[in-house]
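Engineer: In this text, residue positions in the sequence shown follow UniProt numbering: the first is 1, and each later residue adds one.
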Amino acid sequence: MKEFSPICLSGNGTPRSLECLVIQSPLAGVSDQIFRNFVRRWSPKALLFTEMVNAKSLELGHGEEKVIELSEESGPIGVQLFDHRPDSMVDAAIKAESSGAFLIDINMGCPVKKIARKGGGSALLKEPELAQLIVKKVSKAISIPVTVKIRLGWCETTSDPVSFALGLQEAGAQLITVHGRTRRQGFSGHANWKAIAKIKKSLDIPVIANGDIKNSRDAIECLKITNADGVMIGRASMGAPWLVGQIDEEIKNQTTFKPPDAKMKVSLSLEHLKLLVSKKGNHGLLIARKHMNWTCRGFEGASNLRHKLVRARTPNDAIKLLEDELLKFN
Ligand SMILES: Cc1cc2nc3c(=O)[nH]c(=O)nc-3n(C[C@H](O)[C@H](O)[C@H](O)COP(=O)(O)O)c2cc1C
Numbered sequence: 001m002k003e004f005s006p007i008c009l010s011g012n013g014t015p016r017s018l019e020c021l022v023i024q025s026p027l028a029g030v031s032d033q034i035f036r037n038f039v040r041r042w043s044p045k046a047l048l049f050t051e052m053v054n055a056k057s058l059e060l061g062h063g064e065e066k067v068i069e070l071s072e073e074s075g076p077i078g079v080q081l082f083d084h085r086p087d088s089m090v091d092a093a094i095k096a097e098s099s100g101a102f103l104i105d106i107n108m109g110c111p112v113k114k115i116a117r118k119g120g121g122s123a124l125l126k127e128p129e130l131a132q133l134i135v136k137k138v139s140k141a142i143s144i145p146v147t148v149k150i151r152l153g154w155c156e157t158t159s160d161p162v163s164f165a166l167g168l169q170e171a172g173a174q175l176i177t178v179h180g181r182t183r184r185q186g187f188s189g190h191a192n193w194k195a196i197a198k199i200k201k202s203l204d205i206p207v208i209a210n211g212d213i214k215n216s217r218d219a220i221e222c223l224k225i226t227n228a229d230g231v232m233i234g235r236a237s238m239g240a241p242w243l244v245g246q247i248d249e250e251i252k253n254q255t256t257f258k259p260p261d262a263k264m265k266v267s268l269s270l271e272h273l274k275l276l277v278s279k280k281g282n283h284g285l286l287i288a289r290k291h292m293n294w295t296c297r298g299f300e301g302a303s304n305l306r307h308k309l310v311r312a313r314t315p316n317d318a319i320k321l322l323e324d325e326l327l328k329f330n
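(1) On a Cα-Cα basis, can you pick out the residue from Ile7, Ala262, Arg40 and Gly13 that is closest to Val244?
(2) Cβ of Asp91 less than 9 angstroms from any chain C Cβ?
(3) Check this for me: beta carbons of Lys258 and Gly301, under 9 angstroms apart or not?
(4) Ignore the nearest five residues each way along the sequence and tell me which others in Ile77's own chain have a CB closer than 6 angstroms to its CB.
(5) By how many angstroms is the C-alpha of Ala93 removed from the C-alpha of Val67?
(6) Residues bridged to Asn215 by DSSP?
(7) Going by alpha carbons, who is nearest to Gln174 out of Ser278, Leu60 and Asp105?
(8) Over what stretch of residues does the alpha helix (DSSP H) that includes Leu283 continue unbroken?
(9) Taking 8 angstroms as the cut-off, is the beta-carbon of Met264 closer than that to any non-hydrogen atom of ligand 1?
(10) Please state whether the Cβ-Cβ distance between Asp229 and Pro206 is less than 9 angstroms.
(11) Starting from Ser17 and walking both ways along the beta strand (DSSP E), at which residues does that stretch end?
(12) On the criterion of 16 or more Cβ atoms from any shown chain inside 10 Å, does Gly211 qualify as buried, or is it exposed?
(13) Who are the Cβ neighbours of Leu203 in its own chain at under 8 angstroms, not counting the five residues just before and after it?
(14) CB of Ser25 to nearest heavy atom of ligand 1: below 8 angstroms?
(15) Could you compute how far the alpha carbon of Ser5 sits from the alpha carbon of Ser17?
(16) For Val231, which residues of its own chain have a beta-carbon under 8 angstroms away from its beta-carbon, when the five flanking residues on both sides are left out?
(17) Secondary structure at Gly189, three-state DSSP: helix, strand or coil?
(18) Let me know the beta strand (DSSP E) ranges lying completely inside the stretch 117-162, each 3 residues or longer, listed in chain order.
(19) Counting only the same chain and skipping the five closest in sequence on each side, list residues whose C-beta sits under 8 angstroms from that of Gly61.
(20) Do the stretch 148-158 and the stretch 110-126 touch if we need at least three Cβ pairs shorter than 8 angstroms?
(21) Got a sec? Which residues, its chain only, sit under 6 angstroms from Ile196 by beta carbon, not counting five neighbours each side?
(22) Output the distance between the C-alpha atoms of Asn293 and Gly239, rounded to the nearest integer angstrom.
(23) Hey, which unbroken runs of the beta strand (DSSP E) at 3 residues or more fall wholly within the stretch 36-101?
(24) Alpha carbon to alpha carbon, how far is Phe82 from Asp324?
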């Protein structure tokens, strides 16, 4: 495998360097500030992303909670925007830059019908000229780097991902992340890392490979096949905020990282729950349920604990369950 070297992004302003090989993906409904702060514990230098943000809403003054106080978070945070209107994207990008974004990422991969039907996310894969115009306009308007996250195309028969990516590079994109599936594939099958390799070979800007990387073995294999400049981890990090740091450390230092044990997982879940409840009140419990359900796995009694946690009616009931579980480790 090639030696790790920092990823250099130039943008219109001062060049910015990324000191990480492993990146946390944007995850709608998951990668909020609380989750990112957990990921940061194990990954001080990794690039982390906000959940995708609706650019039109941000332009109109809604959805700002997703981008505020970014400058108070340590390490680089990318703000990911989606829409198809260049002017809304520009306005939202300016707002995100002033909130402390390290870079602006443009979503050209989201398969969700509600978004693609309106022309955003993966629908831009069918509109290369509009996609380039967005990148060009946003890059001109801000001084931080502009990056794009794409899939391999809308569907296998009509896709030419190499030309699409070259067009984005030409328009000013500083880095491209490729999820190795088409929009039509959704999340089925296996990500096509060889197709990512073709894109990497054709571009001068850094390329990040994404799709189906669950551990450092996958990451090493993916880097070998794609020759990419880094890898991005999505689903496997849900409930495992240590995973990005774990993979980065295992690849760079060729050591085996000790992931959190049962006690730590329960204690993390308790902390996550309390933070969500203090920020969002009772609604925090609903959000915490999925995180607790993902994190409380792989230890004796985990299934029983999960079973009780999904039935907890109030935040205090859930807190008590986790506190009682913690007592068992003393
Ligand atoms: C719950 C969920 C939310 C996601 N949200 C976003 C998003 O906001 N922006 C984006 O570009 N991709 C999003 N994705 C796609 C992931 O970032 C990633 O590209 C995809 O899951 C493939 O990587 P993986 O195999 O490592 O999960 C989401 C995926 C999931 C499962």
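We treat Cβ as the ideally placed atom computed from N, Cα and C, and that holds for glycine.
Here the structure is a predicted model, which is why all the values come from computation and not from measurement.
Structural biologist: From the atom records:
(1) Closest option to Val244, Cα to Cα, is Arg40.
(2) Looking for chain C here will not work: only one protein chain is present.
(3) Not a contact, by the Cβ cut-off of 9 angstroms.
(4) Only Leu48, Leu70 and Phe102 meet the Cβ criterion.
(5) When only Cα atoms are considered, Val67 and Ala93 end up about 10 angstroms apart.
(6) Per DSSP, Asn215 has no beta-bridge partner at all.
(7) Its Cα nearest to that of Gln174, the residue Asp105 stands out among Ser278, Leu60 and Asp105.
(8) It should be pointed out that residue 283 corresponds to His in this sequence rather than to Leu. Taken as a continuous stretch (DSSP letters only), the alpha helix (DSSP H) holding His283 covers His283 to Thr295.
(9) Result no, Cβ not under 8 angstroms from ligand 1.
(10) Their beta carbons are under 9 angstroms apart, which means Asp229 touches Pro206 by this criterion.
(11) Its beta strand (DSSP E) spans residues Arg16 to Leu18.
(12) Under this definition Gly211 is a buried residue.
(13) Within the same chain, Cβ atoms closer than 8 angstroms to the Cβ of Leu203 are found at Ala165, Leu166, Gln169 and Ile176, the five residues on either side in sequence being excluded.
(14) Yes, since a heavy atom of ligand 1 falls inside the 8 angstroms radius drawn around the Cβ of Ser25.
(15) Their Cα atoms are separated by approximately 10 angstroms.
(16) Cβ neighbours of Val231 beyond the five flanking positions: Leu21, Val22, Ile23, Ile208, Ala209, Asn210, Ile213, Ala219, Cys222, Leu223 and Ile247.
(17) Coil at Gly189, not helix or strand.
(18) When DSSP assignments are scanned along the stretch 117-162, the uninterrupted stretches of beta strand (DSSP E) that are 3 or more residues long and fall wholly within it turn out to be 146-151.
(19) In its chain, beyond the 5 residues on either side, no residue has a beta carbon closer than 8 angstroms to the beta carbon of Gly61.
(20) Taking 8 angstroms as the limit for Cβ pairs, the verdict is that the stretch 110-126 does touch the stretch 148-158.
(21) Within the same chain, and ignoring the five residues on either side of Ile196 in sequence, the residues whose Cβ sits closer than 6 angstroms to its Cβ are Val178, Gly180, Ala209 and Thr226.
(22) Taking the straight line from one Cα to the other gives about 8 angstroms.
(23) If we require 3 residues or more, the beta strand (DSSP E) runs fully inside the stretch 36-101 come out as 77-82.
(24) One C-alpha to the other measures close to 43 angstroms.
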